[in-house]
Amino acid sequence: MRFCTLSSCSYANSIVVQDRQTCVLVDCGLRKRDIKPFLAGVGLAPGDIDAVLVTHCHIDHVYGLKYLLKERKIPVYSSSPVLKQLCARNSFSGQPDFRALSPVAPENIGTLAVNHFGLFHDVETIGFIISGDGEKMGLITDTGFVPDYCLQAFKTVDYLYIESNHDLEMYKHSKKPPHVIRRNLGTTGHLSNEQCGLALKSMGLLNCKLVVLGHLSEEDNEPRRAIAGARQFLPPDTTLLCAPPRIPGPWSVPVPGT
Ligand SMILES: [Zn+2]
Ligand SMILES: [Zn+2]
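Numbers 1 to 258, taken from the UniProt record's numbering, label the letters of the sequence shown in order.
See the structure below:
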C-alpha cells in the first residue's frame, strides 16, 4: 500500500491511501479549486476515488467534500456520531451515500480493511487503521491526547500519519487569542510536538517504514521543531517527514513503474 497527503495543516487536510485495487481519501478539507489539481498532482482524478473516510466535521477536514461528491457519487464512511454532525453542519445536494462504520467490526472497503477508534477533540472524532496489500497504516490527527488503544495497536504499523500540531515554546509568543491556545492545549484540542514524541516513544514502533508528521500549525510550529520532537523516539531506519501544508506531499513509495 501507499499514501500521500494532498494538504496537511490547519487550513486544509486530505490524505490518499491506496493498495493495488482500492483508493480512498481520508478527509477532504480542500478548497473546491484545489480538488482536481491536487489529485492530478499525485496522478489521480476524482474517478479514481472509491470512498472517503471522514475523521470529523471540522471545516479543514470536510470543506471540499460536497464539491467532490458533485463530481462523483462516492460513499462516505465514518462513525454514526460523526456522520450525524457532518449532516447537521453541511448542506449536501441530493442524497449523499453516507455509510456508518460498525462500532465493533472492521469495514471492508474494496480490498482495504478499515478499523476505527475514538479520539478526544471538541467534536466527535475518529482515527483509523487501514490495511491493504498485507501492510498496515495508522492515522491519528485532531486529538488532545493519544488513547492507550493507539499506543498498543500502532506498535506494528508499517506506516504512520500522526498529528504534530504546535510547539509549546512557540505558543509562548503566539498571536492566537488565549482561549484558542487554551483549547488547543487542552485534552480535546491538538497534539503538540512534545505529545507526539511521547506517543511515538510509548508506541515503540517495531517495523514502521515511514512516519509522516501532519497538521502542523503554520504560525505556531516549524517542521524542524516537529522533526526534532519525534526523531529521537524512532528507530534509525524509520524515515521521518513533515507533510507540507496546502500542497500535495510525496507518495510514501514511488509510483510502480517509474
Ligand atoms: Zn483539523
Ligand atoms: Zn479538528
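All C-beta atoms, glycine included, are put in the ideal place defined by N, C-alpha and C.
inquiry  = Can you find the residues in the same chain that come closer than 8 Å, C-beta to C-beta, to Thr-239, ignoring five residues on each side of it along the sequence?
reply    = Lys-209, Leu-210 and Val-211
(Q) In whole angstroms, give me the CA-to-CA distance for Thr-55 and Leu-205. (A) 23 Å
Residue range of the alpha helix (DSSP H) that Leu-66 falls in?
For the sequence presented, residue 66 should be read as Lys rather than Leu. Where Lys-66 is concerned, the enclosing alpha helix (DSSP H) starts and stops at 65 to 71.
- Task: Return the chain-ordered ranges of every alpha helix (DSSP H) run that is complete within the segment 133 to 167 and spans a minimum of 4 residues.
- Result: 148 to 153
Looking at the structure shown, is residue 318 part of a helix, part of a strand, or coil, going by DSSP?
The requested residue 318 does not occur in the structure, where the chain is confined to residues 1 to 258.
Item to complete: Apply the 10 Å Cβ neighbour rule to His-190 and answer buried if 16 or more other Cβ atoms are within range, or exposed otherwise.
Response: buried
Where does the unbroken beta strand (DSSP E) through Arg-2 begin, and where does it stop?
2 to 7
Q.
To the nearest angstrom, how far is the alpha carbon of Ala-226 from that of Asp-167?
A. 7 Å
* Could you tell me whether the segment 101 to 111 touches the segment 150 to 166, where touching means 3 or more Cβ pairs closer than 8 Å? => The answer is no - the segment 150 to 166 does not touch the segment 101 to 111, with fewer than three Cβ pairs under 8 Å.
Query raised in the report: Under a three-way DSSP split, which group does Ile-109 fall into?
Result: strand
**Q.** Reduced DSSP category for Gly-257 - H, G, I as helix; E, B as strand; rest coil
**A.** With a pLDDT of only 49 at Gly-257, under the threshold of 50, the placement of this residue in the model should not be trusted; the figure read from the coordinates follows. Here Gly-257 sits in coil by DSSP.
#### Entry: Straight-line Cα distance separating Pro-245 from Lys-176
19 Å
Starting from Ile-227, follow the beta strand (DSSP E) in both directions and report where the run begins and ends.
Unbroken run through Ile-227 is the alpha helix (DSSP H), 223 to 231; no beta strand (DSSP E).
Residues near Gly-249 by beta carbon distance below 6 Å, same chain, minus five either side:
Cys-4, Thr-5 and Ala-243
Next on the checklist: Please tell me whether, using a cut-off of 7 Å, the distance from the CB of His-56 to the nearest non-hydrogen atom of ligand 2 is below it.
Outcome noted: yes
Could you please give the first and the last residue of the uninterrupted beta strand (DSSP E) stretch that includes Gln-21? Going by DSSP, Gln-21 is part of no beta strand (DSSP E) at all; its letter is neither H nor E.
Under 8 Å, do Ile-49 and Cys-23 count as touching if we go by C-beta distance? yes
Could you spell out the range, first to last residue, of the beta strand (DSSP E) harbouring Val-212?
Its beta strand (DSSP E) spans residues 210 to 214.
| said: Less than 8 Å between the beta carbons of Asp-27 and Val-62, yes or no? | reply: yes
- May I ask whether a heavy atom of ligand 2 can be found less than 7 Å away from the beta carbon of His-173? no
Margin query: Does Asp-19 pass the burial test, meaning 16 or more other C-beta atoms within 10 Å, or should it be called exposed?
Written below: buried
Practice item. Give me the Cα-Cα distance between Ser-78 and Ile-109, rounded to the nearest whole angstrom. Key: 12 Å
Work out the CA separation of Leu-30 and Ser-7 for me, nearest whole Å. 7 Å
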